[in-house]
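Take the sequence shown: its position 23, counting from 1, is numbered 1053 in my numbering, and each next residue is one higher.
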Amino acid sequence: THFNSAGMQALHAANYPLAFELLRKAEFLTRKSGVIAQREARLRHRAISLNNLGCVYRRRKKLHAALRCLEQALTIELSLAEEMPHAHDASYDTRIDGPADTHLNL
């Protein structure tokens, strides 16, 4: 979502309150009751949102919250990888981070 991109730009600019606000909106929109109807797309974006939120928490030294977000993102990514064997094909959308990237954030 646009909120993820803008949130990460705010994080890189060290505008932590704005980054947190934008990434929380992204996370909210990827809930089951959110605006993304297609399950796979919603879960992929949810994993990204949680991963990004984990980065904000980590920068703010809120390590328990960071770990919780990153573990949730990893769980989603691993479940999607099991469901979608094509995820490692060359045609797969490489803009979406995967389990390896989330592991690095942990």
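We put the beta carbon where it would ideally sit given N, CA and C, even for glycine.
None of these values were measured; they are calculated from a predicted model.
task: Output the distance between the C-alpha atoms of L1048 and V1086, rounded to the nearest integer angstrom.
output: Taking the first residue of the sequence shown as 1, we reach residue 1048 at position 18. Taking the first residue of the sequence shown as 1, we reach residue 1086 at position 56. Spanning the two alpha carbons is a distance of roughly 10 angstroms.
message: For the pair the segment 1094 to 1114 and the segment 1068 to 1084, tell me if three or more CB-CB distances fall below 8 angstroms.
response: yes
query: Can you round the beta-carbon distance between L1052 and N1081 to whole angstroms, since I take them to be within the 8 angstroms contact cut?
result: As a first step, residue 1052 is located in the sequence shown; it is residue number 22 there, counting from the start. As a first step, residue 1081 is located in the sequence shown; it is residue number 51 there, counting from the start. Actually they are not in contact, since the Cβ atoms of L1052 and N1081 sit about 14 angstroms apart, beyond 8 angstroms.
- prompt: Using DSSP with H/G/I as helix, E/B as strand and the rest coil, what is N1045?
  reply: Within the sequence shown, numbered from 1, the residue matching residue 1045 stands at position 15. Residue state, collapsed to three classes: coil.
query: Would L1093 be called buried (16 or more neighbouring beta carbons within 10 Å of its own) or exposed?
result: Against the sequence shown, residue 1093 aligns to sequence position 63. Exposed: under 16 other Cβ atoms inside 10 Å.
query: Smallest Cα separation from A1111: which of L1059, N1045 and E1070?
result: Taking the first residue of the sequence shown as 1, we reach residue 1111 at position 81. Cα-wise, what sits closest to A1111 is E1070.
field: Cα-Cα separation, R1089 to M1114
entry: Along the sequence shown, one-based indexing puts residue 1089 at 59. Along the sequence shown, one-based indexing puts residue 1114 at 84. Each residue's Cα considered, the two are about 32 angstroms apart.
task: Could you pull the start and end residues of the alpha helix (DSSP H) that T1105 belongs to?
output: Start at 1 with the first residue of the sequence shown, and residue 1105 comes out as number 75. Note, T1105: alpha helix (DSSP H), L1093 to E1113.
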